[in-house]
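A short write-up of the structure that comes next.
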Amino acid sequence: MQQQQHVLVAGVGMIPFAKPGASAPYPQMAAEATRLALADAGLDYAQVQQAYVGYVYGDSTAGQRALYEVGLSGIPILNVNNNCSTGSTALWLARQAVAHGAADCVLALGFEQMKPGALGAVFDDRPTPFDRFDAATEDLVGHAEIPLALRYFGGAGLAHMRQWGTPLETFAAIRAKASRHAANNPLALLRKPLSTEEVMAAPVVWPGVMTRLMACPPTCGAAAALICSDDFARRHGLRRDVRIRAQAMTTDGPATFEAGDMREVVGFSMARAAARQVYEQAGVGPEDVQLVELHDCFAHNELLSYEALGLCPEGGAAQFVADGDNTYGGRVVTNPSGGLLSKGHPLGATGLAQCTELVQQLRGQVGARQVPGARLALQHNLGLGGACVVTLYEAVEGAAA
123 MQQQQHVLVA GVGMIPFAKP GASAPYPQMA AEATRLALAD AGLDYAQVQQ AYVGYVYGDS
183 TAGQRALYEV GLSGIPILNV NNNCSTGSTA LWLARQAVAH GAADCVLALG FEQMKPGALG
243 AVFDDRPTPF DRFDAATEDL VGHAEIPLAL RYFGGAGLAH MRQWGTPLET FAAIRAKASR
303 HAANNPLALL RKPLSTEEVM AAPVVWPGVM TRLMACPPTC GAAAALICSD DFARRHGLRR
363 DVRIRAQAMT TDGPATFEAG DMREVVGFSM ARAAARQVYE QAGVGPEDVQ LVELHDCFAH
423 NELLSYEALG LCPEGGAAQF VADGDNTYGG RVVTNPSGGL LSKGHPLGAT GLAQCTELVQ
483 QLRGQVGARQ VPGARLALQH NLGLGGACVV TLYEAVEGAA A
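So the sequence shown is residues 123 to 523, counted in our numbering.
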């Protein structure tokens, strides 16, 4: 379905991510990110007509609690929870509202105030939404002594290693690349450059499959984007230099549980389908994209995503990394922000932090980490359970760096 109107990103904002226990409470984080986006757009909160607010770990109407710090304007505020793709799901809803004329100016906001340690269920008196994923992982991976998140994505990486001979050093090289990119990002949590050898020498969490540095850290944070119609931007004198060219959301299909492949359990086909829909909508291919912010919750998922998004052929990811095609001077710069591996992963904020990075890249505002000549930027945000959102941004009116 074609969008009925051009949808612009008028303003973006994010705050530095912090370790659990070191951040402000969620209402303050969310309000700060919202104010940054409003200032970036040159808008007052009174001009926002709807808001979609994403978070995973929080009580109902936490979105209202957060935005009441900014203003009590009476607008519809909808709370969104879609696991790790929550922030981009809020963005997807905001874009839909504008594209189809339900509103002219909409806020997408994401935040997370997380606790230290591995992710776990909050409610233990009812079925977990991951029961089928957990059962598939037990059948395919075993290793009940390893935390489930590591088994999901480490198991998917192991499947790639077994089929294609991918060496563990490839995942270490992805993490090292992330650290080099993050060194130029003042909003990233982990900014120390690392070598592939240092990543390999980190404490082992799964022998032969993963070291600790190949997993992203849990963090707290917030990010926001203001989405508006082209007509609204013209009437209010807003910048019109970045638009959402195409966007798609997918959920799991039969292959997730029937293929007997951990790559499918963690959403490979879901991501590939979303990317293909976006390319078809936009009339472009992966070869036309200059930079990508993708969901690197583990280095293993970054590698799988190269193939799912069509950045390289299936089975070609190790060579893609070895050739330097995932960084500056290569074919497509992946995670110029440093990605989740270096910024951290505050679940509800992650998708909108990716959005912020890509919009600022297309405006030419990111200094030393600028991707030269960026015109098309792709975003990939994945949540198990499951949902995948892929978004294509385009620089318009001569906004490329």
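Even for Gly, the Cβ is constructed at its ideal location relative to N, Cα and C.
Is it buried or exposed for residue i, if we count other Cβ within 10 angstroms and need 16 for buried?
i	result
residue 437	exposed
residue 433	buried
residue 263	buried
residue 465	buried
residue 131	buried
residue 245	exposed
residue 357	exposed
residue 166	exposed
residue 189	buried
residue 261	exposed
residue 435	exposed
residue 194	exposed
residue 106	Here the chain covers residues 123 to 523 and nothing more, so residue 106 does not appear.
residue 367	buried
residue 405	exposed
residue 353	exposed
So residue i packs on residue j, CB below 8 Å; how close in whole Å?
i	j	result
residue 140	residue 341	6 Å
residue 397	residue 430	6 Å
residue 272	residue 332	6 Å
residue 343	residue 145	7 Å
residue 207	residue 511	5 Å
residue 426	residue 385	6 Å
residue 428	residue 480	Actually they are not in contact, since the Cβ atoms of residue 428 and residue 480 sit about 17 Å apart, beyond 8 Å.
residue 179	residue 234	6 Å
residue 309	residue 468	No, residue 309 and residue 468 are not in contact; Cβ-Cβ is about 12 Å, not under 8 Å.
residue 474	residue 151	12 Å between Cβ atoms; not a contact.
residue 306	residue 489	7 Å
Which residue from the options puts its Cα closest to that of residue i?
i	options	result
residue 192	176, 274, 382, 153	153
residue 455	492, 258, 388, 138	492
residue 499	453, 471, 184	453
residue 236	472, 336, 457, 334	472
residue 148	172, 186, 205	186
residue 268	326, 281, 422, 308	326
residue 315	328, 470, 496, 298	298
residue 376	488, 142, 177, 508	508
residue 513	311, 402, 463, 253	402
residue 482	393, 458, 462	458
residue 494	412, 176, 362	412
residue 345	362, 134, 129	134
Does DSSP classify residue i as helix, strand or coil?
i	result
residue 201	strand
residue 268	coil
residue 351	strand
residue 372	strand
residue 399	helix
residue 234	strand
residue 469	helix
residue 523	No answer about residue 523 holds up, because its pLDDT of 33 lies below 50 and its placement is not dependable.
residue 193	coil
residue 502	strand
residue 390	helix
residue 515	strand
residue 187	helix
residue 288	coil
residue 124	Note that residue 124 has pLDDT 46, beneath the 50 cutoff, so the model's placement of it is unreliable and the number below is only indicative. In this structure, residue 124 counts as coil in the three-state DSSP scheme.
residue 443	helix
residue 436	coil
Measuring only between beta-carbons, confirm whether residue i sits less than 8 Å from chain C.
i	result
residue 227	Structure shown: chain C not included; a single protein chain is present.
> Does the pairing of the segment 287-304 with the segment 449-468 give three or more beta-carbon distances under 8 Å?
Replying inline: yes
> Per the contact definition of three or more C-beta pairs closer than 8 Å, is the segment 491-505 in contact with the segment 402-416?
Replying inline: yes
>> Below 8 Å, how does it come out for the segment 151-166 and the segment 387-407: are there three or more Cβ pairs, yes or no?
In response: Segment contact: the segment 151-166 against the segment 387-407, fewer than three CB-CB distances shorter than 8 Å; contact not assigned.
> When the Cβ atoms of the segment 346-362 are set against those of the segment 218-226, are three or more pairs found closer than 8 Å?
Replying inline: These segments touch.
> Per the contact definition of three or more C-beta pairs closer than 8 Å, is the segment 165-180 in contact with the segment 190-204?
Replying inline: yes
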